[in-house]
Amino acid sequence: MWNWLKKPLAVHQLVLDFEQAYSLDKQSLAAKASYLVLDFETTGLDAKKHHIVSAGWVKISGGKIHLNSAQYQVVRSPASVGQSAVIHGLHNHEVRQGIELEDLLRLLLQELKGTVLVSHHSALELSFLKQSCQNCFGRSPAFKAVDTLKLELYKMRLKGGPVAQTALSLSACLQRYQLPEVTEHHALSDAFGCAQLLLAQLKSRGASCTLADLFQQSR
Amino acid sequence: MQVQEVVSFLQRTPPFDDLALHVLETLSRDLTVLYLSTGEELKPEPQLMLVRSGLFALHTEPQGLTHLQTGDFYGYQLLLTGLADPDTIRCEEDGLVYFLPADSFDKLRHQYKNFDLFFQRLFSRRLHLYQSSQHPTTSTLKVADLVTRRKVSIGAADTVQQAAQLMTEQRVSCLLIEQGEKLVGILTDRDLRSRVVAKNLSAAVSVSDVMTKSPQRIDIHSFAFEAIQKMSQYNIHHLPVEEHGKAIGVLTTTDLIRSQQEHPVFLISHIHRQHQAAGLQAITPQIQQLALQLAEQHLPCYEVSGVLTSIMDALVQSWLNIAEQQLGPAPCVYSWLVFGSQARRDMLPSADQDNALLLEKEPVGAIADYFSALADIVCQGLASSGQALCEGQIMASNPELRLSLKGWSHRFAKWLNTPDPQALLNSSIFFDMRLVHGSKGLFNVLHEDVLARCKNNELFLYHLAKNATERQPPLGFFKHFLLEQDGRQRKGLDLKKRGISLVTDLVRVYALSAGIQAVNTRERLDLLQQQAVLTQRQQQNLQGAFDVLANLRWQLQAQDMKRGRHLSNLLDPSQLSLLQRHQLKDAFAVLSDEQQLLRQRFCREV
């Protein structure tokens, strides 16, 4: 009857380790921090009902995107990708060949160490990340993320005037900064686009901007 | 995993577009991406910078401003030569740059020749600009220095007939059309021809109907090069000049050409105007001066050689005229021939004389005496004008080289059928021949006869090819330079004997095998490729190697000239930049490969 404890307990240590090792100095300068820019493609929007289909991420350090850190993983999903395949282009047979969700999370927890998590519309990534850790490890670290969408919204509100919903999509943001567009709905391309956007947003915030400011503006 | 967006950008950006997809995918992972905002400056780093978006200004000291935009590179100078330049890059419009680390860049350069070539060309183009901008001799000239303050104008309501009369009276090729004090149009000789006569219009039409309205104009205080730019941009030969907004005269293309007094055209016409030996003897310093100027303008060697050869040809013609003045008209038709580098139009100031006479009649009796005297005057005369006598006596002053058509024909037949490679080696210079003065018909008969005898003559071509590959490029097994000593006990690379000559010898074999008339190495290569004797790749490689060697040799000799030293073909490789070393080794490697191919083709050995 204690079987349900065994597996999560064994890996629970991973989450503890991560929580212990993960620390950020919120007062450090945003321009000099290291970031992991993450994007998930999922079968839907509800982390409780839907699954992660693929994950892509790329790291920023020293103010530069390092393309050798770029990773892309397709996740073996327990359920059919269903209609979501229309959006992310991944079909059942590809998803069946992916890695286990647990392996993806182990990889991510490893990669996240010492970096700030970044996403465009990070609520989605955070909810899936937390839910997945909960499911696999019985516990999730208290992830926090910088949200490039919210950073953009913050800037636009400062300028005043109405903000159209569409003006905040990743491609609209990239266009606004005259940054190269990316293939949408591919986890790695979107992560890379988001990373480009973050570089531009960091520059526009000046050298004195701290991580605390970013988190503040990401709320 | 590669980012698709980055890979597809590389796929459409030269020189990366030449690389295979999987190479780009791997390569893209080595990149880092930086965002720069307006006003930020970037220090040179030992990395290749590729502009992805935005606009960047490159400030360099002598040449001012260059703009870099999407697909442009920076930093390759440091990577290719190890020499950083003091340039800074300033961002003028926010944008992204990609950086490729030095080791990835070097790996690509080693693996992909075209990739390497691209950056070397990019680099040399830039270097060329850099050097030429240090010589602002023409660029400081102002329009005011060139234009004649003479305004010939007419009213817009006057007739074309009146305009034509005024132009004839005033001896001008162009009229300014004014209303009050305001310039409203321009009318040129050409306009009268193309807009009036050709259109069958009456001479009574008014000027305003046929003039060029609101013409281009230039301020008197502009630089001459601005005028040149404007005239070539709009393809016009007359440019009204204004001072304080009022026309004061017209600048013509002739005015601009006159400003280029040191232009070779003037020296050649000057030579042709000399009818006295003294005038031609005094010409040497002018030729040297011109050569030095060409050196400073960083013209490619083949252009310099072309100019120098034209001058030497003009000298031959002038000395022949002087000789005929002294000796009276020639007793028979003759052709003055040149061989070797003068025939190939490959001359540098160090070239000596290689010439001969082809006579209509047998050189006996009075005819022999006349041409003996003629040859002496011309050969000695050329020597006094700076073209050294030939140590090997390949000169018209040598009676062996004053022959009739029959005599020359026999001479060539002997060389062609000789089984003695040494005799052939000594005669190979004669197979590059060109007419400089005299009868073209006579010369053509001989040339065609020789070409016909050479073509498909397997034994002759075998010996010629064997000779052409006897000497090898001075590159060791480990791709290091093999140095040798010259007569002055200096060590170095003999760019002529171990470089340029290898190309000309090799190309000559192919050209003779195909019966090609051209003797210039560039022309021969072009024709060989057109006739599919050589592949395009071979032609380009040989051409490239030839240019690298010839340019280096010319630089070397130009330096010697500047310092008043003996002109040498011996290059000290430690004086080369990393890039030049690389290019030179590349050229030698081309020669090794091509010598092997030549042997395979004509000597039937591997």
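Quick note, the sequences are listed as chains A and B, same order.
The first sequence lines up with residues 1084 to 1302 when you count with the numbering used here.
The second sequence lines up with residues 5 to 610 when you count with the numbering used here.
Beta carbons are placed, not taken as given, at the ideal position from N, Cα and C, and that holds for glycine.
Based on the DSSP output, what are the partners of B:M437 in its beta bridges?
Here residue 437 of chain B refers to the residue found at position 433 of the second sequence. DSSP output for B:M437 lists B:F343 as bridge partner(s).
Beta-carbon of A:Q1304 versus every beta-carbon of chain B: anything under 7 Å?
One cannot answer for residue 1304 of chain A here, as it falls past the ends of chain A, which runs 1084 to 1302.
Under a Cβ-count criterion, where at least 16 other Cβ atoms within 10 Å of its own Cβ denotes burial, should A:L1262 be classed as buried or exposed?
Taking the first sequence and counting its residues from 1, the one referred to as residue 1262 of chain A is at position 179. Buried, since its Cβ has 16 or more Cβ neighbours within 10 Å.
Of all the options B:S413, B:T172 and B:V513, which has the alpha carbon lying nearest to the alpha carbon of B:E462?
Indexing the second sequence from 1 puts residue 462 of chain B at position 458. Per the Cα distances, B:V513.
Measuring CB to CB, does B:L180 end up less than 7 Å from B:S157?
For the purposes of this step, residue 180 of chain B is taken as residue 176 along the second sequence, with counting starting at 1. For the purposes of this step, residue 157 of chain B is taken as residue 153 along the second sequence, with counting starting at 1. Yes; because the gap between Cβ atoms is below 7 Å, this pair is in contact.
Mind checking B:V667: buried by the 16 CB within 10 Å criterion, or exposed?
Within the shown structure, residues of chain B are numbered from 5 to 610, placing residue 667 of chain B beyond reach of any answer.
Taking the runs of the beta strand (DSSP E) that are 3 residues or longer, which of them lie wholly in the segment 517-591 of chain B?
If we require 3 residues or more, the segment 517-591 of chain B turns out to have no beta strand (DSSP E) run fully inside it.
State the start and end residues of the unbroken beta strand (DSSP E) segment that holds B:P105.
As a position in the second sequence, residue 105 of chain B is number 101, starting the count at 1. Note, B:P105: beta strand (DSSP E), G99 to P105.
Against A:F1275, what residues of chain B qualify as contacts under a CB-to-CB distance less than 9 Å, listed in chain order?
By one-based count along the first sequence, residue 1275 of chain A stands at place 192. Within chain B, the residues near A:F1275 are V7, Q8, E9, V10 and V37.
At a CB-CB cut-off below 8 Å, which residues of chain A make contact with B:L100?
The residue labelled residue 100 of chain B in the question sits at position 96 within the second sequence. Those are L1262, P1263, Q1279 and L1282, listed as they occur along chain A.
If you draw a straight line from the C-alpha of B:L52 to the C-alpha of B:L100, how long is it?
Taking the second sequence and counting its residues from 1, one reaches residue 52 of chain B at position 48. Taking the second sequence and counting its residues from 1, one reaches residue 100 of chain B at position 96. Those two C-alpha atoms are separated by around 14 Å.
Who are the near neighbours of A:L1209 in its chain, counting only those whose CB is closer than 6 Å to its CB and skipping five residues on each side?
In the first sequence, counting from the first residue as 1, residue 1209 of chain A sits at position 126. If we look at A:L1209 and ignore the five residues flanking it on each side, its Cβ neighbours are F1226 and A1228.
Which residues bound the beta strand (DSSP E) around A:N1151?
Working through the first sequence from its first residue, we reach residue 1151 of chain A at position 68. It spans K1147 to V1157 - the beta strand (DSSP E) in which A:N1151 sits, taken as one unbroken run.
CB-CB under 6 Å to B:E29, same chain, minus the five flanking residues each way: which ones, in chain order?
Taking the first residue of the second sequence as 1, we reach residue 29 of chain B at position 25. So the qualifying residues of the chain are Q6 and V11.
So, is B:R129 buried or exposed, given that buried needs 16 or more other C-beta atoms within 10 angstroms?
Here the question's residue 129 of chain B lines up with position 125 in the second sequence. For B:R129, the predicted model reports a pLDDT of 43, less than 50, meaning its position is unreliable; a value from the coordinates is still stated below. Exposed, because fewer than 16 other Cβ atoms sit within 10 Å of the Cβ of B:R129.
Which term fits A:L1200, buried or exposed, when burial requires 16 or more other beta carbons within 10 angstroms of its beta carbon?
For the purposes of this step, residue 1200 of chain A is taken as the residue at position 117 of the first sequence. It counts as buried.
When the Cα atoms are used, what is the spatial distance from B:S136 to B:E452?
Here residue 136 of chain B corresponds to residue number 132 of the second sequence, with the count starting at 1. Here residue 452 of chain B corresponds to residue number 448 of the second sequence, with the count starting at 1. Residue confidence for B:S136 is low, a pLDDT of 28 falling below 50, so the modelled location carries little weight and cannot support an answer.
When you compare each of A:Q1214, A:K1242, A:K1142 and A:L1251 to A:E1194 by their alpha carbons, which one comes out closest?
Stepping through the first sequence from its first residue, residue 1194 of chain A is reached at position 111. Ranking A:Q1214, A:K1242, A:K1142 and A:L1251 by Cα distance to A:E1194 puts A:K1142 first.
Less than 7 Å between CB atoms is the rule here; does B:R33 satisfy it with respect to chain A?
Locating residue 33 of chain B in the second sequence gives position 29, where the first residue counts as 1. For B:R33, the answer is yes, since a Cβ of chain A falls inside 7 Å of its Cβ.
Sort B:L40, B:L546 and B:V147 by Cα distance to B:E96 and report the nearest one.
Position 92 of the second sequence holds residue 96 of chain B. Per the Cα distances, B:L40.
Cβ closer than 8 Å: which chain B residues qualify as neighbours of A:L1271?
Taking the first residue of the first sequence as 1, we reach residue 1271 of chain A at position 188. The contacting residues are M5, V7 and Q8.
Does B:S41 come within less than 7 Å of chain A when only Cβ atoms are used?
Position 37 of the second sequence, counting from 1, holds the residue named residue 41 of chain B. Closer than 7 Å: yes.
For A:H1204 versus A:L1232, is the C-beta spacing smaller than 7 Å?
Here residue 1204 of chain A refers to the residue found at position 121 of the first sequence. Here residue 1232 of chain A refers to the residue found at position 149 of the first sequence. Closer than 7 Å, so yes.
Output needed for A:Y1237: all residues of its chain with C-beta closer than 6 Å, excluding positions within five of it in sequence on either side, in chain order.
Working through the first sequence from its first residue, we reach residue 1237 of chain A at position 154. Answer for A:Y1237: Q1300, listed in chain order.
What's the call for B:H242, buried or exposed, on a 16-neighbour Cβ count within 10 Å?
Within the second sequence, numbered from 1, the residue matching residue 242 of chain B stands at position 238. It is buried - the Cβ of B:H242 has at least 16 other Cβ atoms within 10 Å.
Pair every Cβ in the segment 1132-1150 of chain A with every Cβ in the segment 1269-1283 of chain A, then say whether three or more of these pairs are closer than 8 Å.
Touching, per the Cβ criterion.
In chain order, what residues of the same chain lie with their CB nearer than 7 Å to the CB of A:Q1110, ignoring the 5 residues before and after it?
Along the first sequence, one-based indexing puts residue 1110 of chain A at 27. Within the same chain, A:Q1110 has close Cβ partners T1293 and A1295.
I want to know whether the segment 294-309 of chain B touches the segment 322-335 of chain B - three or more CB-CB distances under 8 Å.
The segment 294-309 of chain B, when compared against the segment 322-335 of chain B, does not touch it at the 8 Å Cβ threshold.
Considering only their Cβ atoms, is the gap separating B:F550 from B:L479 smaller than 7 Å?
Translated into positions along the second sequence, residue 479 of chain B becomes position 475. Translated into positions along the second sequence, residue 550 of chain B becomes position 546. Taking 7 Å as the Cβ cut-off, B:L479 and B:F550 do not qualify as a contacting pair.
What does the Cβ neighbour count give for B:K566, buried or exposed, with the cut at 16 atoms within 10 Å?
Here the question's residue 566 of chain B lines up with position 562 in the second sequence. Exposed, because fewer than 16 other Cβ atoms sit within 10 Å of the Cβ of B:K566.
Whole beta strand (DSSP E) runs in the segment 318-379 of chain B with 3 or more residues, listed along the chain?
If we require 3 residues or more, the beta strand (DSSP E) runs fully inside the segment 318-379 of chain B come out as 338-343 and 359-363.
So, is A:D1129 buried or exposed, given that buried needs 16 or more other C-beta atoms within 10 angstroms?
Translated into the one-based positions of the first sequence, residue 1129 of chain A becomes position 46. Under this definition A:D1129 is an exposed residue.
Determine contact between the segment 511-529 of chain B and the segment 453-472 of chain B, defined as no fewer than three beta-carbon pairs at a distance below 8 Å.
Because the criterion of three Cβ pairs below 8 Å is met, the segment 511-529 of chain B and the segment 453-472 of chain B touch.
Relative to the C-alpha of B:G184, which residue among B:R438, B:E44 and B:K250 is closest?
Looking up residue 184 of chain B in the second sequence gives position 180. Nearest of B:R438, B:E44 and B:K250 to B:G184, Cα basis: B:K250.
Is B:V176 helix, strand or coil by DSSP?
Position 172 of the second sequence, counting from 1, holds the residue named residue 176 of chain B. DSSP places B:V176 in coil when its eight states are reduced to three.
Taking Cβ positions, are B:A318 and B:I275 nearer each other than 7 Å?
Locating residue 318 of chain B in the second sequence gives position 314, counting from the first residue. Locating residue 275 of chain B in the second sequence gives position 271, counting from the first residue. Yes, Cβ-Cβ distance for B:A318 and B:I275 is below 7 Å.
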